[in-house]
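If you're matching positions, the sequence shown starts at 19 in the numbering used here and goes up one per residue. Just so you know, even glycine gets a beta-carbon here, dropped at the ideal spot from N, CA and C. Remember, predicted model here, so these are calculated numbers, not experimental data.
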Amino acid sequence: MSLSLYIPRRFAPSYSLLGRWLRRRTGDPRRAEALFIVAVTGLLLAGVLGSMLGWVWLYPTLQADPSGATALRYAGAHLAVALAGFFLAGWGFRPAIHLTAADGRLRVRRGPHTVTIHAADLIAVATVDPLRYHRHERRYAGTTDFVNHPERDVLLLRTARGHVLALGLTAPDRAALIDWLATTPAPASNTCAVGVE
19 MSLSLYIPRR FAPSYSLLGR WLRRRTGDPR RAEALFIVAV TGLLLAGVLG
69 SMLGWVWLYP TLQADPSGAT ALRYAGAHLA VALAGFFLAG WGFRPAIHLT
119 AADGRLRVRR GPHTVTIHAA DLIAVATVDP LRYHRHERRY AGTTDFVNHP
169 ERDVLLLRTA RGHVLALGLT APDRAALIDW LATTPAPASN TCAVGVE
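Structure representation (structure tokens):
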């Protein structure tokens with residue numbers, strides 16, 4: 019029996035040009051996410067301070083002629099900087115996730131990244147709520163996450179080597195994958211505990 023699941027792409031500012039550049043530079047998605055937040059905060063503060071300094075510098079001219087060419091240039095510059103900032107740091111999409119389960123293997127692909135797990139390598143399958151996942155599993159369990167959309171629960175697949183794969187599937191897709199894992203034959207020496215926490 020084979021199974022094919024699809025999680026659509028999702029709007030995510032951390033996958034903008036700035037976010038992808040930081041991810042390539044650091045090589046660590048969690049560190050890149052933290053740096054992205056710091057960089058966006060710094061860019062916003064620089065924009066606000068630049069706007070204030072421009073206002074202080076142009077205040078006499080803008081008071082003398084509020085609808086003149088200088089006022090239009092001032093407003094146009096603000097609009098251009100805001101649009102450039104949005105497209106640089108705010109416009110991005112997490113790639114779609116394709117999950118294929120066949121021949122005793124589970125293959126998960128998002129963009130150029132692919133993870134393949136043999137069903138025989140699984141030692142535990144657990145369902146956790148998103149709050150626990152983000153506060154504990156994502157930080158401390160060293161998970162490879164394939165969560166595009168916040169779902170009611172996150173499915174965690176633990177392998178014998180200590181690798182943890184997190185999948186953000188809808189309830190019917192999660193049930194179908196758990197059923198596939200339960201019906202996939204595994205060697206007698208390696209039993210997989212399929213359950214819900």
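Check                                                                                                          : Outcome
Simplified DSSP state of THR88, which is helix, strand or coil                                                 : helix
Other residues of its chain near LEU21: CB distance less than 8 Å, five sequence neighbours each side excluded : LEU117, THR118, ALA119, ALA120, ALA194, LEU195 and TRP198
For MET19, the nearest candidate out of PRO84, ALA144 and LEU124 (CA to CA)                                    : LEU124
Cβ shell of ARG41 (< 7 Å), same chain only, five flanking positions each side left out                         : PRO47 and ALA50
Between the CA atoms of ALA64 and LEU140 - distance to the nearest angstrom                                    : 49 Å
Beta-carbon spacing of ARG27, ARG112 below 8 Å                                                                 : yes
Residue nearest to HIS152 in terms of C-alpha spacing, selected from PHE164, ALA142 and VAL143                 : PHE164
Terminal residues of the alpha helix (DSSP H) in which TYR77 lies                                              : 47 to 82
Counted within 10 angstroms of its Cβ, other Cβ atoms place SER32 as buried (16 or more) or exposed            : buried
Under the three-state DSSP convention, the category HIS167 falls into                                          : coil
Reduced DSSP category for ALA194 - H, G, I as helix; E, B as strand; rest coil                                 : helix
Residue-chain proximity (PHE111, chain D), Cβ-Cβ < 8 Å                                                         : Of the chains in the structure shown, none is chain D; there is only one protein chain.
Whole-angstrom distance between VAL58 and HIS181, CA atom to CA atom                                           : 32 Å
Reduced DSSP secondary structure (H/G/I, E/B, other) of ALA184                                                 : strand
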